[in-house]
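Numbering (my numbering), first residue to last: 147 to 209.
Structure, as structure tokens:
In structure tokens:
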């Protein structure tokens, strides 16, 4: 079994702006949905993805 690759990134925009999170960098989909108490949906998640410059930016919230 291959070892998973995790990287700490700073989040930009949205309810988690300025916070950091560990994300997997070896998966086929580079985005992540993080549980966020400030999400638009109670108990929901905020979606962050890397932009072309490599910054992890907010893409929206999901229930």
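Just so it is clear, CB atoms sit at the ideal spot from N, CA and C, and this is done for glycine as well.
Report the three-state DSSP secondary structure of residue i (helix, strand or coil).
i           : result
residue 130 : An answer regarding residue 130 cannot be provided, because it is not within the stretch 147 to 209 covered by the chain.
residue 160 : helix
residue 154 : strand
residue 196 : strand
Assuming the contact rule is C-beta atoms closer than 8 Å, residue i and residue j should be a hit. Round their C-beta distance to whole Å, please.
i           : j           : result
residue 204 : residue 177 : Between residue 177 and residue 204 the Cβ distance is about 11 Å, and since that is not below 8 Å, they are no contact.
Roughly how many angstroms separate the alpha carbons of residue i and residue j, rounded to a whole number?
i           : j           : result
residue 151 : residue 157 : 18 Å
residue 200 : residue 154 : 12 Å
residue 182 : residue 170 : 18 Å
residue 198 : residue 207 : 21 Å
residue 209 : residue 172 : 26 Å
residue 166 : residue 149 : 22 Å
residue 202 : residue 191 : 15 Å
Along the chain, where does the beta strand (DSSP E) that runs through residue i open and close?
i           : result
residue 118 : Beyond the ends of the chain as shown, which are 147 and 209, falls residue 118; an answer cannot be given.
residue 178 : 178-181
residue 167 : 166-170
Considering only the alpha carbon of each residue, which of the options lies closest to residue i?
i           : options            : result
residue 163 : 189, 190, 184, 188 : 184
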